[in-house]
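In the working numbering, the protein residues as written are 872 to 1122.
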């Protein structure tokens, strides 16, 4: 899940709330009435209260957008630092094997989600509003297929890692690529679970989602990479530093 991709939805939501706020202000002041007669005070109090609720929602939305923007920036910086450090320590051939393995892992994780992250993000508010108490069922419906497909992808990648390395690597280190796929493959269902679960968490707390996905996981990756740099880094070690933090976040 890339929450930064929902910035257009945040903008549309902000415009919608602003439009509702202006209409309610007009109704509360009596300008919206063609007869020019102001509404009774008892009828004006409700739009004012609803306007305050809309403004609170707008402020909450703005705070969530700032958290998401900050998280995206931090995550991008941490990922860039990880790639630079790993490539300098491993060398071109081994670093290429790691990055290609990470690419296969990422493709497998996103394929395993099958759009469940977007589905739970859009449907959870509707279920909470119209059918309270069924949020757990929706979460199960989104998570279980992603985990099952992720497990199937894991088996396929691990079983065919030598063939994939031969297919994808032309002049690089095919043996290292096969080892990387053997390590990264089992984490495909973990990556899918993590992305779908954080999309669901976003419904209740954008801050928790950002801290988990954009702060905790990148920080853990850099910490593990630093440990492997001291102990002696290998392509497998760099792959572990990239994938294991996802399991930590999923727990």
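No residue lacks a Cβ here, since even glycine has one placed at the ideal position from N, Cα and C.
Asked                                                                                                                        : Found
Integer-rounded CB distance, given that residue 1029 should sit under 8 Å from residue 1056                                  : 4 Å
Identity of the residue in 1100, 1083, 1066 nearest residue 989 by Cα                                                        : 1066
Cβ-Cβ distance between residue 949 and residue 1092 below 8 Å                                                                : yes
Assigned exposure category for residue 971 - 16 Cβ within 10 Å defines buried                                                : buried
Status (buried if at least 16 other CB within 10 Å, exposed otherwise) for residue 1085                                      : buried
Reduced DSSP secondary structure (H/G/I, E/B, other) of residue 993                                                          : helix
Through-space distance from residue 962 to residue 1117, alpha-carbon basis                                                  : 25 Å
Alpha-carbon spacing of residue 952 relative to residue 1119, whole angstroms                                                : 20 Å
Option nearest residue 979 by Cα separation, candidates 1021, 958, 1007                                                      : 1021
Inter-residue spacing [alpha-carbon to alpha-carbon] between residue 946 and residue 975                                     : 20 Å
Within the stretch 951-997, ranges of the alpha helix (DSSP H) (whole runs, at least 4 residues)                             : 963-984
Cα-Cα separation, residue 982 to residue 1096                                                                                : 27 Å
Exposure label - residue 1005; buried when at least 16 CB within 10 Å                                                        : exposed
Residue 1027: first and last residue of the uninterrupted alpha helix (DSSP H) it sits in                                    : 1006-1030
Residue 1001 burial status per 10 Å Cβ neighbour count (16 or more: buried)                                                  : exposed
Cα-Cα separation between residue 960 and residue 1104, rounded to whole angstroms                                            : 7 Å
Residue 1070 classed as buried or exposed, judged by whether at least 16 other C-beta atoms fall within 10 angstroms         : buried
Proximity winner among 1024, 1112, 1044, relative to residue 1060 (alpha-carbon distances)                                   : 1024
Euclidean distance between Cα positions of residue 941 and residue 1074                                                      : 18 Å
Residues of its chain near residue 977, where Cβ-Cβ distance is below 8 Å and the 5 sequence neighbours each way are ignored : 1062
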